[in-house]
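Here the structure comes first, spelled out in structure tokens, and everything after it is commentary.
Numbering (our numbering), first residue to last: 178 to 552.
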């Protein structure tokens with residue numbers, strides 16, 4: 178390949194731009210000088226001088242015989258630094274980019290840790306059950322030598338356990354895995370279910386059905402389709418139904434095969450067509466259920482569901498109507514803050530016990546059109 182006359186500055190700018198665009202983390206290894214030269218179309222000597230300059234400026238670290246590694250702008254080796262890794266499924270990033278996970282939880286974690294001089298960087302991963310074929314081994318995460326790792330709704334329990342065995346300071350958010358010995362912060366979905374049933378019962382609803390799941394996790398589909406909160410929600414629903422002496426039979430609970438709107442719609446249609454007595458539905462996917470109810474003209478059926486507080490409109494006073502929607506509002510900003518607090522405690526005290534913190538909720542009442550726009 179013919180080498181063009183490219184300046185040292187142009188080469189160093191190209192390397193820095195590549196680090197930025199590919200979101201390399203401190204400690205990540207770059208291509209060799211020869212490979213970089215081939216990519217840029219420059220001579221190995223020019224690339225070597227550019228790398229030396231970047232090393233002097235503190236952007237990279239060179240290790241003779243081992244390679245070139247990303248450093249921080251101070252020139253400090255961050256392989257053993259105070260960086261905290263934020264793990265999230267690569268599958269989920271596109272689906273959740275506009276959700277509370279990104280709009281509330283991640284920024285609140287990063288801000289809280291930053292206040293305590295701890296940097297947090299996001300790392301997209303894939304587990305063996307991910308849609309992507311690029312499975313990232315737990316050892317690859319461990320090799321980054323993060324001071325701590327926060328896993329966001331990583332529901333593959335086997336993968337979490339492997340991480341737990343390799344990473345000293347691991348905590349999980351939005352999933353209760355305290356029974357595995359992993360510190361975690363999650364919402365109390367069981368108690369939220371109890372409160373939703375209580376609210377529906379107070380307005381005279383008796384035949385309250387449950388549509389949710391799947392649980393246990395499906396084997397063939399990506400674990401992202403598994404609702405790690407569904408079993409707690411189901412248990413809370415059963416607990417409340419029994420407490421209020423409301424009838425539960427074989428047709429009362431409807432467990433979806435996969436965590437997809439199509440399956441929630443299918444279960445709701447099946448329920449309506451069965452002519453089973455029905456006053457209300459508790460479900461994770463209120464949008465899918467409400468869509469079917471509107472199509473069948475069933476404005477008499479109330480809905481109980483869950484949502485992040487920041488995604489809900491302001492609660493308004495309105496006359497009680499037959500078809501109410503009760504939402505258990507979950508504070509994802511609080512989830513991030515409490516997760517950060519837990520991580521900071523663990524960083525200060527490595528032998529901190531595997532504790533669990535369950536967060537509460539706020540029950541809000543709406544007219545259907547307030548949260549399900551007609552368009």
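By construction, the Cβ of each residue, glycine as well, lies at the ideal position given by its N, Cα and C atoms.
Quick caveat, the model's predicted, so the values are computed rather than measured.
query                                                                                                                                                                    : result
Classify residue 482 as helix, strand or coil using the three-state DSSP reduction.                                                                                      : strand
Within a Cβ cutoff of 7 Å, which residues of the same chain sit near residue 188, ignoring the five residues on either side of it in sequence?                           : 217, 219, 223, 224 and 227
Helix, strand or coil for residue 335? Go by DSSP, reduced to three states.                                                                                              : helix
For the ligand SAH, any of its heavy atoms closer than 7 Å to the Cβ of residue 331?                                                                                     : As far as ligands go, the structure on display features none, and thus does not contain the ligand SAH.
Assuming residue 393 and residue 436 are in contact, meaning their beta carbons sit under 8 Å apart, how far apart are those beta carbons, in whole angstroms?           : Incorrect: roughly 13 Å between the Cβ atoms, too far for contact.
Which residues share a DSSP beta bridge with residue 240?                                                                                                                : 244
Can you name the residues that DSSP bridges to residue 507?                                                                                                              : 485
Looking only at C-alpha atoms, which of 462, 524, 546 and 455 sits nearest to residue 443?                                                                               : 462
Would you say residue 480 and residue 505 are within 8 Å of each other, going by their C-beta atoms?                                                                     : no
Tell me which residue opens and which closes the alpha helix (DSSP H) that residue 288 is part of.                                                                       : 283-292
Any idea if residue 438 is buried or exposed, counting beta-carbon neighbours within 10 angstroms, 16 or more meaning buried?                                            : exposed
Which value, in whole angstroms, describes the spacing of the CA atoms of residue 546 and residue 465?                                                                   : 14 Å
Among all the DSSP beta bridges, which residues are the ones paired with residue 264?                                                                                    : 300 and 328
Check for me: the alpha helix (DSSP H) holding residue 413 runs from which residue to which?                                                                             : 407-420
Applying the criterion that 16 or more other CB atoms from any shown protein chain within 10 Å of the CB defines a buried residue, is residue 330 buried or exposed?     : buried
Starting from residue 431, follow its DSSP beta bridges and name the residues at the other end.                                                                          : 388
For residue 350, which of helix, strand or coil comes out of DSSP?                                                                                                       : strand
In chain order, what residues of the same chain have a beta carbon less than 7 Å from the beta carbon of residue 382, not counting five sequence neighbours either side? : 456, 457 and 479
In angstroms, rounded to a whole number, what distance separates the CA positions of residue 361 and residue 530?                                                        : 11 Å
Quick check on this structure: which residue in 542, 242 and 474 has the alpha carbon closest to the alpha carbon of residue 450?                                        : 474
Starting from residue 460, trace the alpha helix (DSSP H) in both directions and tell me its first and last residue.                                                     : Here residue 460 belongs to no alpha helix (DSSP H); instead the beta strand (DSSP E) covers 457-460.
Alpha carbon to alpha carbon, how far is residue 297 from residue 290? Give it in angstroms, no decimals.                                                                : 7 Å
Which first and last residues belong to the beta strand (DSSP E) in which residue 217 is found?                                                                          : That residue, residue 217, is in no beta strand (DSSP E); its alpha helix (DSSP H) goes 210-217.
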